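Report on the following structure.
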Amino acid sequence: SQQGEEDPQALSIQEGENATMNCSYKTSINNLQWYRQNSGRGLVHLILIRSNEREKHSGRLRVTLDTSKKSSSLLITASRAADTASYFCATAPSAGGTSYGKLTFGQGTILTVHP
Amino acid sequence: EAGVAQSPRYKIIEKRQSVAFWCNPISGHATLYWYQQILGQGPKLLIQFQNNGVVDDSQLPKDRFSAERLKGVDSTLKIQPAKLEDSAVYLCASSFPWTKDTEAFFGQGTRLTVV
Chain A
296 SQQGEEDPQA
306 LSIQEGENAT
316 MNCSYKTSIN
326 NLQWYRQNSG
336 RGLVHLILIR
346 SNEREKHSGR
356 LRVTLDTSKK
366 SSSLLITASR
376 AADTASYFCA
386 TAPSAGGTSY
396 GKLTFGQGTI
406 LTVHP
Chain B
3 EAGVAQSPRY
13 KIIEKRQSVA
23 FWCNPISGHA
33 TLYWYQQILG
43 QGPKLLIQFQ
53 NNGVVDDSQL
63 PKDRFSAERL
73 KGVDSTLKIQ
83 PAKLEDSAVY
93 LCASSFPWTK
103 DTEAFFGQGT
113 RLTVV
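Line by line, the protein sequences are chains A and B. Here the numbering used here is used: the first residue of the first sequence is 296, the next is one more, and so on. Here the numbering used here is used: the first residue of the second sequence is 3, the next is one more, and so on.
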């Protein structure tokens with residue numbers, strides 16, 4: 296079953312604008328990860344934020360995590376046409392052991408960046 | 003380093019036929035996953051291996067799906083007999099085991115169409 300929901304389901308912006316995607320989840324987590332999927336390809340890991348972290352940056356990516364609200368957001372600044380893809384959040388459970396790698400994905404946000 | 007290899011990339015079969023997918027994980031990754039991604043949805047975990055043992059197969063439809071990972075390296079996922087609703091992309095992923103902040107590395111996937 297899906298862990299939670301992402302919104303918006305689709306986002307269309309112009310190059311140079313910022314894109315913000317949100318993710319909500321339901322259970323206790325060890326970490327939350329964001330992945331990108333280009334059309335017809337596999338998923339690529341973008342960034343991981345631990346449950347005891349509130350914000351993390353990587354290049355043009357900024358991720359926030361609010362465990363009290365069970366939500367996260369991904370901000371892509373100064374977007375490029377090459378950022379056009381589907382973006383998924385995935386949560387790793389806090390149960391530990393072999394469960395650490397058991398990722399549960401959201402439904403994804405389709406981002407289109409127009410040149 | 004070489005990524006996760008999957009084959010075939012595409013497969014079209016008739017319902018009630020059988021099909022098999024192959025995955026070769028990144029060298030040294032003890033954990034291997036099979037995900038099913040239906041069009042418009044996020045990936046759903048089917049089965050997780052740790053070396054050649056099954057860690058979690060709670061969401062694998064065992065009446066028609068089977069998977070094995072002989073010698074703790076390559077893995078095959080089989081569907082027999084296939085149903086129309088099995089049409090999806092089947093993604094294989096691998097990761098290091100036993101660490102709290104593990105990212106998954108995905109292959110390109112096999113797109114299955116059941117007609």
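Idealized CB from N, CA, C, for every residue including glycine. Quick caveat: nothing in here was measured; it's all calculated off a predicted structure.
(1) Between the Cα of A:Ser346 and those of A:Leu360, A:His409, A:Gly335, spot the shortest distance and give me the residue it belongs to.
(2) Take the Cβ of B:Ile40 as the centre, count every other Cβ of all protein chains shown within 10 Å, and call the residue buried at 16 or more, exposed below.
(3) Among the residues of its own chain, which have a CB less than 6 Å from the CB of B:Lys80, if the five just before and after it don't count?
(4) On the three-pair Cβ rule with 8 Å, is the region 352-371 of chain A touching the region 313-333 of chain A?
(5) Within 8 Å (strictly less), CB to CB, does A:His352 reach chain B?
(6) For B:Gln43, which residues in chain A fall below 9 Å Cβ to Cβ?
(7) At least one CB of chain B closer than 8 Å to the CB of A:Asn333: is that the case?
(8) Is A:Ala377 helix, strand or coil when you go by DSSP?
(9) In three-state DSSP terms, what is B:Glu70?
(10) Mapping DSSP to helix, strand and coil, what is B:Leu62?
(11) Please tell me whether B:Thr104 has its Cβ less than 8 Å away from any Cβ of chain A.
(12) Would you please state the rounded distance, in angstroms, between the beta carbons of A:Ser374 and A:Glu310? I believe it to be under 8 Å.
(13) Is the beta carbon of A:Asn317 sitting closer than 8 Å to the one on A:Asp302?
(14) Beta-carbon separation of B:Gln82 and B:Gln8 under 8 Å?
(15) Might you give, ordered along the chain, the residues of its own chain that have their beta carbon closer than 7 Å to the beta carbon of A:Lys351, omitting 5 neighbours on each side?
(16) Below 7 Å on C-beta distance, what does B:Phe108 contact in chain A?
(17) Terminal residues of the continuous beta strand (DSSP E) containing B:Val117?
(18) Taking 8 Å as the CB-CB cut-off, is A:Asn326 touching chain B?
(19) Output the distance between the C-alpha atoms of A:Ser296 and B:Ala90, rounded to the nearest integer angstrom.
(20) Whole angstroms is fine: what's the gap from B:Ser60's alpha carbon to B:Leu93's?
(21) Residues of chain A with CB closer than 8 Å to the CB of B:Leu79, please, in chain order.
(22) Along chain A, which residues have their Cβ under 7 Å away from the Cβ of B:Thr33?
Once the coordinates are examined:
(1) Taking only the C-alpha atoms, the option nearest A:Ser346 is A:Leu360.
(2) exposed
(3) Ala22, Ser68
(4) yes
(5) no
(6) Gln297, Phe400, Gln402, Gly403
(7) Not one beta carbon of chain B lies nearer than 8 Å to the beta carbon of A:Asn333.
(8) helix
(9) strand
(10) coil
(11) yes
(12) 6 Å
(13) yes
(14) Not a contact, by the Cβ cut-off of 8 Å.
(15) Ile342, Ile344, Val358
(16) Gly337, Leu338
(17) Neither: B:Val117 is in no beta strand (DSSP E) and is coded neither H nor E.
(18) yes
(19) The predicted model places A:Ser296 with a pLDDT of 44, which falls under 50 and marks its position as unreliable; any figure quoted below should be read in that light. Whole-angstrom Cα-Cα distance: 16 Å.
(20) 17 Å
(21) Neighbours of B:Leu79 on chain A: none; closest Cβ ~15 Å, over 8 Å.
(22) Gly396
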